[in-house]
Structure formats: C-alpha cells, structure tokens
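S.K.:
Protein chains: 2
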Amino acid sequence: MTDPLDPVLSRIDADLPQALDRLSDLLRIPSISTDPAHTPDVEAAADWLVKDLTAMGFSARKDPTTGHPMVVATGGAEDGPHLLFYGHYDVQPVDPLHLWDRDPFDAQVQDTPRGKVIRARGASDDKGQLMTFLEACRAWLAEHGSLPVKLTFFLEGEEESGSPSLVPYMKQNAEQLKADVALICDTGMYDAETPAITTMLRGLLGEEITIHAADRDLHSGMFGGAAMNPARVLARISSDLHDDQGRVTVPGFYDDVPDLPADIRAQWAELGFDAEAFLGQVGLRLPAGEQDRSALEMIWARPTCEINGMISGYTGAGFKTVLPAQASAKISFRLVGQQDPHKLRESFRDFVRARVPADCRVEFAEHGASPASVMSTDHPAFEAARQALSAEWPKPAAFVGSGGSIPIAGYFKSILEMDSMLIGFAKEDDAIHSPNEKYDLDSFHRGIRSWARIIDAISKA
Amino acid sequence: MTDPLDPVLSRIDADLPQALDRLSDLLRIPSISTDPAHTPDVEAAADWLVKDLTAMGFSARKDPTTGHPMVVATGGAEDGPHLLFYGHYDVQPVDPLHLWDRDPFDAQVQDTPRGKVIRARGASDDKGQLMTFLEACRAWLAEHGSLPVKLTFFLEGEEESGSPSLVPYMKQNAEQLKADVALICDTGMYDAETPAITTMLRGLLGEEITIHAADRDLHSGMFGGAAMNPARVLARISSDLHDDQGRVTVPGFYDDVPDLPADIRAQWAELGFDAEAFLGQVGLRLPAGEQDRSALEMIWARPTCEINGMISGYTGAGFKTVLPAQASAKISFRLVGQQDPHKLRESFRDFVRARVPADCRVEFAEHGASPASVMSTDHPAFEAARQALSAEWPKPAAFVGSGGSIPIAGYFKSILEMDSMLIGFAKEDDAIHSPNEKYDLDSFHRGIRSWARIIDAISKA
Numbered sequence: 001m002t003d004p005l006d007p008v009l010s011r012i013d014a015d016l017p018q019a020l021d022r023l024s025d026l027l028r029i030p031s032i033s034t035d036p037a038h039t040p041d042v043e044a045a046a047d048w049l050v051k052d053l054t055a056m057g058f059s060a061r062k063d064p065t066t067g068h069p070m071v072v073a074t075g076g077a078e079d080g081p082h083l084l085f086y087g088h089y090d091v092q093p094v095d096p097l098h099l100w101d102r103d104p105f106d107a108q109v110q111d112t113p114r115g116k117v118i119r120a121r122g123a124s125d126d127k128g129q130l131m132t133f134l135e136a137c138r139a140w141l142a143e144h145g146s147l148p149v150k151l152t153f154f155l156e157g158e159e160e161s162g163s164p165s166l167v168p169y170m171k172q173n174a175e176q177l178k179a180d181v182a183l184i185c186d187t188g189m190y191d192a193e194t195p196a197i198t199t200m201l202r203g204l205l206g207e208e209i210t211i212h213a214a215d216r217d218l219h220s221g222m223f224g225g226a227a228m229n230p231a232r233v234l235a236r237i238s239s240d241l242h243d244d245q246g247r248v249t250v251p252g253f254y255d256d257v258p259d260l261p262a263d264i265r266a267q268w269a270e271l272g273f274d275a276e277a278f279l280g281q282v283g284l285r286l287p288a289g290e291q292d293r294s295a296l297e298m299i300w301a302r303p304t305c306e307i308n309g310m311i312s313g314y315t316g317a318g319f320k321t322v323l324p325a326q327a328s329a330k331i332s333f334r335l336v337g338q339q340d341p342h343k344l345r346e347s348f349r350d351f352v353r354a355r356v357p358a359d360c361r362v363e364f365a366e367h368g369a370s371p372a373s374v375m376s377t378d379h380p381a382f383e384a385a386r387q388a389l390s391a392e393w394p395k396p397a398a399f400v401g402s403g404g405s406i407p408i409a410g411y412f413k414s415i416l417e418m419d420s421m422l423i424g425f426a427k428e429d430d431a432i433h434s435p436n437e438k439y440d441l442d443s444f445h446r447g448i449r450s451w452a453r454i455i456d457a458i459s460k461a
Numbered sequence: 001m002t003d004p005l006d007p008v009l010s011r012i013d014a015d016l017p018q019a020l021d022r023l024s025d026l027l028r029i030p031s032i033s034t035d036p037a038h039t040p041d042v043e044a045a046a047d048w049l050v051k052d053l054t055a056m057g058f059s060a061r062k063d064p065t066t067g068h069p070m071v072v073a074t075g076g077a078e079d080g081p082h083l084l085f086y087g088h089y090d091v092q093p094v095d096p097l098h099l100w101d102r103d104p105f106d107a108q109v110q111d112t113p114r115g116k117v118i119r120a121r122g123a124s125d126d127k128g129q130l131m132t133f134l135e136a137c138r139a140w141l142a143e144h145g146s147l148p149v150k151l152t153f154f155l156e157g158e159e160e161s162g163s164p165s166l167v168p169y170m171k172q173n174a175e176q177l178k179a180d181v182a183l184i185c186d187t188g189m190y191d192a193e194t195p196a197i198t199t200m201l202r203g204l205l206g207e208e209i210t211i212h213a214a215d216r217d218l219h220s221g222m223f224g225g226a227a228m229n230p231a232r233v234l235a236r237i238s239s240d241l242h243d244d245q246g247r248v249t250v251p252g253f254y255d256d257v258p259d260l261p262a263d264i265r266a267q268w269a270e271l272g273f274d275a276e277a278f279l280g281q282v283g284l285r286l287p288a289g290e291q292d293r294s295a296l297e298m299i300w301a302r303p304t305c306e307i308n309g310m311i312s313g314y315t316g317a318g319f320k321t322v323l324p325a326q327a328s329a330k331i332s333f334r335l336v337g338q339q340d341p342h343k344l345r346e347s348f349r350d351f352v353r354a355r356v357p358a359d360c361r362v363e364f365a366e367h368g369a370s371p372a373s374v375m376s377t378d379h380p381a382f383e384a385a386r387q388a389l390s391a392e393w394p395k396p397a398a399f400v401g402s403g404g405s406i407p408i409a410g411y412f413k414s415i416l417e418m419d420s421m422l423i424g425f426a427k428e429d430d431a432i433h434s435p436n437e438k439y440d441l442d443s444f445h446r447g448i449r450s451w452a453r454i455i456d457a458i459s460k461a
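From first to last, the protein sequence lines are chains Y and R. Per this note's numbering, residue 1 is the first one in the first sequence, and the count goes up by one each step. Per this note's numbering, residue 1 is the first one in the second sequence, and the count goes up by one each step.
#1: Would you kindly check if the distance between the Cβ of V94(Y) and the Cβ of P104(Y) is under 8 Å?
#2: Have a look at the DSSP bridge pairing and note the partners of K413(R).
#3: If contact means a Cβ-Cβ distance below 8 Å, which residues of the segment 198-232 of chain Y contact chain R?
#4: According to DSSP, which residues form a beta bridge with A329(Y)?
#5: How far does the beta strand (DSSP E) with G76(R) in it reach, from first residue to last?
#6: Between which two residues does the beta strand (DSSP E) holding L201(Y) run?
#7: With burial defined as no fewer than 16 other Cβ atoms inside 10 Å of the residue's Cβ, what is the status of S468(Y): buried or exposed?
#8: Helix, strand or coil, according to DSSP, for H342(R) in the structure here?
#9: Check distances from the C-beta atoms of the segment 270-284 of chain R to those of chain Y and list, in chain order, the residues that come in under 8 Å.
#10: To which residues of the same chain is S376(R) closer than 7 Å at the C-beta, ignoring the five residues directly before and after it?
#11: With DSSP run on the structure shown, which of helix, strand or coil describes F253(R)?
#12: Here's the rule: buried if 16 or more other CB atoms are within 10 angstroms of the residue's CB, otherwise exposed. What is K171(R)?
#13: Looking only at its chain, what residues have a beta carbon closer than 6 Å to the beta carbon of Q92(R), apart from the 5 residues adjacent to it on each side?
#14: Can you give me the start and stop residues for the alpha helix (DSSP H) that F223(R) sits inside?
#15: Counting contacts by CB-CB distance shorter than 8 Å, is M298(R) in contact with chain Y?
#16: Identify the residues that DSSP records as bridge partners of L517(R): which are they?
#17: DSSP three-state label for E156(Y), please.
#18: For Q326(Y), I'd like the list of residues in its chain whose CB is within less than 8 Å of its CB, leaving aside the five on either flank, ordered along the chain.
#19: Any Cβ of chain R within less than 8 Å of the Cβ of Y254(Y)?
#20: Mind listing, in chain order, the continuous beta strand (DSSP E) runs of no fewer than 3 residues lying wholly within the segment 84-141 of chain Y?
#21: Below 7 Å CB to CB, which residues in the same chain sit around A179(Y) once its five sequence neighbours on both sides are set aside?
#22: From S459(R) to A77(R), what distance separates their C-alpha atoms?
#23: Identify every residue that forms a DSSP beta bridge with S373(Y).
#24: Chain R partners of P341(Y), CB-CB under 9 Å?
#25: Step through the CB atoms of chain Y and report whether any lies within less than 8 Å of the CB of I311(R).
#26: Please state the DSSP three-state secondary structure of R361(Y).
#27: According to DSSP, T304(Y) sits in a beta bridge with which residue or residues?
#28: One question on the structure: do F11(Y) and D106(Y) come within less than 8 Å of each other, judged by their Cβ atoms?
#29: Is the Cβ-Cβ distance between F154(R) and V250(R) less than 8 Å?
#30: Closer than 9 Å, Cβ to any Cβ of chain C: which residues of the segment 157-189 of chain Y, in chain order?
#31: Determine whether the Cβ of L286(R) lies closer than 8 Å to any Cβ atom of chain Y.
#32: Can you pull the chain Y neighbours of E306(R), defined as C-beta to C-beta under 7 Å?
#33: Along chain Y, which residues have their Cβ under 9 Å away from the Cβ of S420(R)?
#34: Pull out every residue of the segment 348-376 of chain R whose Cβ sits closer than 8 Å to any Cβ of chain Y, in chain order.
#35: In angstroms with no decimal places, state the Cα-to-Cα distance between E143(Y) and Q176(Y).
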C-alpha cells in the first residue's frame with residue numbers, strides 16, 4: 001500500500017499554478033479592516049472564502065459580529081483528531097501608496113535575486129499563509145475524497161483592527177470552536193531553511209509609576225540639597241530592578257519560572273542562533289540579560305523587566321536648574337512559564353513602595369497583565385507536526401519561543417482550554433505592514449506541502 | 001564731639017517724603033530693558049540717575065555699550081576705604097498687565113495689613129534698593145558736605161535682559177571700577193526683622209549625559225532581555241550619584257569643600273531657621289541632603305547634585321513596549337568653597353564612563369561651569385557692615401549663604417579681584433518679576449539708614 005500522502009504532495013506540485021491563481025483572486029479584494037470605506041471588501045473576502053470552502057465540501061458560513069464577520073467552516077473526518085485552524089482574511093492599509101512599486105491589490109509573481117515572490121498587500125499577512133492550509137485540504141480532498149482529521153476553520157476579518165469581536169464571539173461559540181489542538185498560521189519560519197512551531201509566548205505586565213515629591217517644581221538653587229528630588233528616587237528604584245548579573249530583583253519574580261526542558265534546550269542548541277548577528281543588526285554586541293543564560297533563552301524563555309519610558313523635569317533644549325515635582329516611568333515585564341501577572345504586580349508595587357522615602361508618594365497605573373502562553377507539547381500532534389515539517393524543509397523544525405505576545409493563542413487557552421501550534425512560513429523580509437509586501441513562492445509551495453504532511457502525521461499520531 | 005552719624009540719620013527721617021518723591025519719579029520711567037520699544041525709557045532712566053548723581057556732586061556719566069548704557073559716577077573722600085556700589089536701573093516687563101491692581105509705572109504708597117508699601121514695577125527690583133544707597137549719600141552730603149569714604153557707582157541697564165554688555169565693559173574699564181570692596185544691593189533680608197550680608201554663593205556645574213544603546217528603538221518583545229536598555233544604564237548612573245546618607249559619591253567631590261567656620265555656624269544657629277516651615281511651604285517635611293548636616297547648611301554651604309531632567313523612550317499617554325535607543329539626563333551640581341567645576345566635570349565624566357557597559361556609549365554636553373563665590377570676610381568692612389546693620393534692625397545681622405548664583409559677584413571677584421558684600425532689604429513677598437511688585441516703606445526707610453550707618457562704620461573700620 002502506497003503512502004496516502006504521496007499523491008497529495010504530487011497533486012500540490014501539479015496544481016501550484018491554479019493555487020496561485022486562487023490566491024491572486026483573494027488578494028485582489030482590498031479587505032482593509034480599519035477603513036470603513038472598505039467594509040464591502042472585507043465582506044467580499046469573507047464571501048469568497050465561504051464559497052471556496054463550500055466548494056471543497058465544508059459546511060461554511062459567514063457569522064455576523066458587531067464588526068466584521070467571522071468565517072466558520074467544519075468538515076473532515078467524523079472521528080480522528082480535531083483541529084481548529086485560525087487565520088485572518090483582512091489586511092493592513094497600504095499607505096504610503098507611493099512607496100509601492102505597483103498596485104498593492106494586483107498580485108503578481110515576480111523574480112527576485114532571492115527567488116520568486118508573490119507581491120501584494122496581504123500576500124504574507126495573512127492571505128498567503130491562510131491559503132497554504134486551504135490548498136493542502138483541497139489536494140487531500142481531490143486525491144482521497146476525504147480528510148484524515150476533523151477540521152474547524154475559524155477565519156477572522158478584524159485582526160488588523162484590534163480584533164474587537166474576537167473574544168465575545170469565542171465565548172458565545174465556545175462549544176462549536178473547541179477542538180483538540182489549534183493551528184495558528186500567522187507566524188514565521190525560524191530562518192529561510194528552518195521551520196518552527198512556536199510553543200512559548202511570553203506574557204506581559206505593564207506598570208507606570210509616578211513619584212511625587214514637592215507640590216510644585218522648585219528652583220534648585222533655593223531648594224537643591226534640602227528638598228527630595230523624585231528623579232533621584234525613580235532612578236534608585238529603576239536601578240534596583242536588576243542586579244549586576246542582569247537578574248530581576250523583584251521578590252518572588254523567578255518563583256514560577258521553569259527551567260528549559262532538556263529536549264527543547266537541545267533543539268535550540270541545534271538552531272545555531274547567532275547572538276552576535278542578532279544584536280549586530282541593531283548595532284549591539286553583548287547579550288544584556290541574565291548572564292548565565294544564552295541570548296536565545298533571554299528572548300524566548302526568560303522573563304524580563306524593561307523601562308519603556310522615563311520622564312522627569314526639564315527635557316527641552318538647553319538647561320533649567322529645576323528640581324522636579326515628579327518623575328515617572330513606564331515599566332514592563334515579559335513573563336514566562338507560570339508567572340502570575342497579578343501576583344507580580346503586587347510584588348513589584350511592594351518593591352517600589354519600600355523604596356519611596358517618607359517625603360514622597362508613589363502613584364501606580366496599570367497597563368495590562370497577561371500570563372505567558374506555554375503549550376503542552378505532550379499532545380502527540382506537536383511532535384507529529386515537528387517531524388512533518390522536518391521532512392519538508394532543508395533543516396529540521398524546532399519548538400521555539402517568541403519574545404512577544406500573540407493574544408489569540410492566549411484566548412484559545414483561556415477560553416477554549418486548547419493548546420495552539422503556531423506554524424507559519426513567513427520570512428523576516430516579507431515586509432508585512434509595509435509597502436511591497438511579498439510572500440515567497442517557496443513559502444507558499446512548501447507551506448502547502450507542509451500542511452499536507454502535518455495533517456497526515458497528526459492523523460497517524 | 002557728637003557722632004557725625006546722628007544728624008545724618010535725623011535728616012534721613014525728616015527727608016523721607018522727598019526721598020519717596022524722587023523714587024516715584026524714577027519708577028515713573030518704564031525702563032524695560034528687554035523691550036526695544038522701551039529703549040528710550042532705559043536711556044531716560046540712565047539720564048535721570050546721571051542728573052541726580054551730578055546734582056549731589058558726583059562726577060557722573062552715561063557710558064554707551066552695544067546694548068543699554070552703564071551709569072558710572074565717582075566722588076567722596078580722596079582717601080579712606082574705596083567702595084564700588086552696584087545696582088541696576090532697568091526693570092522687568094509688566095505682563096500680564098490685567099493682574100496689576102493699577103498702573104505699574106504710577107508708583108503709589110499704599111497701606112497694607114503688613115504696613116505701608118511702595119507699589120510699582122521696579123519698586124523692589126531694583127530701583128527702590130538702588131535709591132536707598134543714593135539717599136544715604138545725599139543725607140551725608142547734605143549734613144557734612146562730604147563723604148567719609150571714596151565711592152564709585154556702577155549702575156547697569158541690562159540686568160533684566162541677561163547683562164550682555166556687563167563682562168566686556170568690566171574688562172575694558174577694570175582700572176576705573178576696581179575698589180576695596182563692592183556693595184551689591186540686589187538681594188534681600190533673611191527675614192522681615194533680620195538683615196543679612198550674603199557672603200557665600202554656590203557655583204554651578206551643568207552637564208547633560210546621553211546613553212546610546214541600539215541604533216534604533218526596539219520592540220521589547222523581540223529584543224527585551226537581550227538588548228541593553230539605556231534607561232537602565234542611566235538609572236544606575238543616576239542612582240549611584242548619592243549614597244544612602246545623601247552624600248554625593250563622585251570621587252573627590254568633597255575635596256575642596258571647607259567646613260563651616262565656627263563663627264558663621266554660631267550666627268546661623270541664632271537665625272533659628274525652621275526647616276520644617278521652609279520645606280512645608282512646598283509640601284515637604286524632611287531635609288533630603290547629607291544627613292549629618294543641618295537643612296540650612298544643605299542649601300547655603302553644602303554642594304549638591306540634582307537631576308534636573310531625565311527622558312527616555314515613550315512618555316506619552318498609554319503604553320508602548322519600546323526598548324529605547326537612548327536615554328538622557330540633565331544633571332547639575334551646586335558648588336561651594338574651592339570646588340573646581342572643571343576638575344569636577346572630569347571627575348563626573350569618569351564616574352559616568354566607568355558605569356557605561358561595553359555595548360553602550362555616552363555623549364556629554366556642557367551647560368555651564370562657575371565656581372562658588374566665597375567672600376573673604378576678613379576685610380574689616382564685613383564686620384563693620386554687620387554691626388551697622390545690627391544697630392538698625394530688630395535682630396542682629398548675619399553672614400548668610402545663598403543657594404543660587406549671583407553672577408555679578410563672581411565677575412567682581414574674577415575680573416576686578418574684589419570681594420562683594422551683598423546687602424539688600426527686599427522681602428520674600430515683594431513679588432519681584434510679578435504683578436503688583438512692592439517695596440516696604442520700612443525696607444526703604446531703614447535701608448537708607450542702614451547704608452548711612454554702613455558708610456560710617458566702614459570709614460572707621
């Protein structure tokens with residue numbers, strides 16, 4: 001018996017020109033979600049997807065929200081693993097239009113020194129990525145008349161405008177959306193040859209502190225030396241947040257920070273991350289975090305504390321001998337593992353209060369608190385997907401971390417109690433959100449093949 | 001033989017209404033030096049003074065400069081101590097005019113709950129103060145036909161517009177202006193009952209430091225933890241500038257800081273300075289400087305380091321998870337004793353450089369460097385003046401310090417190698433530079449009597 005995957009991959013290769021035509025069709029719809037003038041286009045893109053999914057045999061519908069609609073479709077095997085696939089069909093605005101080499105909504109395949117690309121707004125973010133999955137399903141269905149997994153599609157039209165309807169919709173439709181594992185396609189490769197499954201996303205705790213001293217700005221000649229300077233207090237607090245080894249000193253900060261599992265550590269070591277090149281691209285050289293950690297751990301797996309903004313007194317041109325009445329800083333923490341943002345907020349505030357002298361007072365403001373998303377890679381789908389990806393690309397796939405936050409993964413966990421596999425084929429130079437956005441033909445082609453392999457592998461896992 | 005001072009004081013009392021008329025005449029000239037429209041008025045005020053000084057028998061002239069003229073006059077005893085008297089005849093603008101109760105240039109004596117005042121722009125700063133000295137000379141001359149000291153008047157018309165001609169004029173006319181001691185009338189009482197001779201003026205060293213890290217602002221999700229944050233570096237440097245006892249930690253900072261002489265310390269103790277009231281007026285309570293010093297020492301006799309301004313990253317509304325490319329602070333030092341601002345600038349910069357990590361660089365900008373002015377109170381004129389003032393006012397006079405800088409005293413020292421006695425009768429509530437400026441009739445009357453006594457005392461010292 002031949003492997004059922006082989007004919008699917010062959011069909012994907014043969015069908016690539018038609019797949020490109022379909023993607024170009026979708027890219028031609030200027031579904032800019034932030035611009036009310038384009039609301040009919042966002043609707044049209046949703047309709048296009050409903051029609052395409054229906055044509056493939058899925059039960060597809062366009063669900064209204066108070067904003068743009070959700071496209072939801074179900075189908076595939078009755079039993080077998082149940083996957084929820086998430087993507088978005090809206091795109092970023094195209095301004096400044098004059099920086100585009102051509103019409104952003106007239107997709108074209110172009111030759112470049114780095115290979116063929118599909119050039120258009122949304123080519124990479126996220127229509128091209130989204131279509132890799134639909135094309136893989138299409139090939140499966142064309143070859144075998146059925147899919148080896150159960151599927152739910154969940155396609156959003158508001159991702160580029162802050163997803164205002166997402167959480168309410170997910171809460172109202174939790175039963176329908178819940179699956180074994182979610183697939184999120186809105187991410188990228190580790191590098192051009194190495195696919196990645198993002199399994200760790202850092203959380204974020206944002207705080208703003210304002211130290212108040214005198215009830216007005218003072219003249220530093222008259223009061224300097226006698227009146228407490230809140231900038232000095234703020235500097236002391238900010239400085240105390242790290243020790244000499246780059247560790248954050250807030251009590252209990254590392255309590256719920258797990259050590260990197262040995263297998264992940266081994267995978268990361270194989271990535272051959274070049275810290276010098278990574279920092280070199282922005283003019284730096286030396287990893288500044290915890291000195292007993294690798295640079296990759298620092299950005300993917302370790303929590304941080306950063307001053308994002310700081311202001312006090314006179315900051316214009318020249319000089320003023322003012323003794324400021326207040327000083328403030330915006331400080332954020334990237335969180336990992338089981339760190340509890342609410343517990344850490346209190347710990348941070350206690351840390352600050354302990355350093356505010358008797359003559360000053362501190363005011364706090366909240367700017368968000370979300371825990372890290374750490375996927376339980378125990379589910380066999382994870383390892384299956386990793387091996388499937390490794391079979392398709394030049395280099396083996398790795399479970400990687402992401403320094404930033406991808407809210408949808410957190411919502412899937414908190415609302416649907418479901419882990420996510422973040423798998424995408426975008427590359428760093430795709431210019432998403434920028435003029436002349438592109439998606440590599442290689443990303444599109446191998447992306448489709450990758451999903452075909454993943455579906456196959458998960459069905460057997 | 002009766003004391004020659006007695007009839008002078010009697011004449012001052014008798015002549016007070018006429019003295020007030022003369023002051024009102026001068027106040028009526030709107031000699032606003034910053035406003036080109038008032039240039040003729042500044043000239044008219046200079047002419048008025050030349051005429052008045054000439055009428056008293058002085059050899060007076062109006063010296064042109066590239067800006068407003070200097071009024072210079074000489075006279076008095078051929079031998080005996082030689083005093084240079086400095087004041088200024090220009091005034092501040094009057095905006096906002098609608099906040100004045102009446103015409104700022106129509107001087108009027110008014111009754112207030114705290115006694116009679118002369119209300120007009122320039123009443124206190126500095127025409128009223130300047131005229132106290134002229135009236136004292138007038139009374140001496142009227143009674144005795146001569147003065148017991150040699151006098152040079154040096155009256156400026158650009159004090160309120162930054163004195164652009166002052167230093168060049170002083171350098172060109174150093175020989176003419178040089179005297180034994182300078183008298184500067186542009187200062188105030190310690191309190192309503194206690195006259196003061198300011199003998200210590202703090203110097204000022206201004207520095208701006210900018211810490212550069214990455215060559216652009218970074219996303220704290222992508223780079224947070226790995227890239228050095230310049231705000232963290234700046235906070236560390238700023239925090240390190242003071243130890244827990246409020247002492248400045250820059251190496252060598254206290255090398256040239258003298259201890260307070262015992263006699264000055266005793267005088268200051270008698271002033272009964274109320275630190276709680278001083279700080280309480282701005283909502284503070286606890287002296288924040290060196291914890292082994294009194295609050296009065298902190299502001300008059302001890303050097304300081306203050307952050308006057310600090311900025312980095314995003315400081316607008318809300319939050320941005322930016323990792324800033326740079327962070328900067330404006331830092332000033334108030335200097336005392338023999339502290340050398342140039343030496344300390346280097347010491348401060350070394351201190352900063354030692355705290356800049358390998359991946360950052362620091363940029364420095366200068367914002368002024370002037371040493372403290374410490375008068376040699378050894379000259380007998382100082383003690384003579386102190387006793388003369390003590391005889392006139394309810395409480396004994398003290399040699400005091402001033403936290404701020406009065407540049408003219410520094411110029412007299414550096415250009416004319418002459419110590420200054422800063423003696424004035426302004427009070428804290430005179431509203432100089434503000435609407436409804438006033439000068440107490442008590443300040444004017446006792447001020448004239450004070451100068452008569454000082455002239456007498458110095459002639460005998």
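The C-beta atom is built at its ideal place from N, Cα and C for all residues, glycine as well. These numbers were taken from a predicted model, which means no experiment stands behind them.
M.R.: So, to answer that:
#1: yes
#2: DSSP output for K413(R) lists no bridge partner at all.
#3: R202, L204, G206, E208, A213, A214, D215, R216, L218, H219, S220, G221, M222, F223, G224, G225, A226, A227, M228, N229, A231 and R232
#4: Per DSSP, I209(Y) and M310(Y).
#5: Run containing G76(R): M70 to G76, per the beta strand (DSSP E) assignment.
#6: A196 to L201
#7: No statement about residue 468(Y) is possible, as the shown extent of chain Y runs from 1 to 461 and does not include it.
#8: helix
#9: Listed in sequence order: A275, F278, L279, V282, G283 and L284.
#10: Cβ neighbours of S376(R) beyond the five flanking positions: D419.
#11: coil
#12: exposed
#13: Only E160 and H433 meet the Cβ criterion.
#14: Element bounds for F223(R): S220 to F223.
#15: At least one chain Y Cβ lies under 8 Å of M298(R).
#16: The structure shown does not extend to residue 517(R), since chain R is modelled only from 1 to 461, so the question has no answer here.
#17: strand
#18: T210, I211, H212, A213, P230 and S312
#19: no
#20: 108-112 and 115-119
#21: Listed in chain order, the non-local C-beta contacts of A179(Y) below 7 Å within the same chain comprise H82, L83, L84, T152 and M418, local neighbours out to five positions each way being set aside.
#22: 10 Å
#23: L201(Y)
#24: The contacting residues do not exist; P341(Y) stays about 14 Å from chain R at best.
#25: yes
#26: strand
#27: R334(Y)
#28: Position check: residue 11(Y) holds Arg in this sequence, whereas Phe was assumed. Judged by their CB atoms, R11(Y) and D106(Y) are not nearer to each other than the 8 Å cut-off.
#29: Taking 8 Å as the Cβ cut-off, F154(R) and V250(R) do not qualify as a contacting pair.
#30: Looking for chain C here will not work: the only protein chains present are Y and R.
#31: yes
#32: S220, G224, N229 and L323
#33: Ordered by position in chain Y, no residue passes the 9 Å Cβ test against S420(R), which lies about 17 Å from the chain.
#34: P357, A358, D359, H367 and G368
#35: 28 Å
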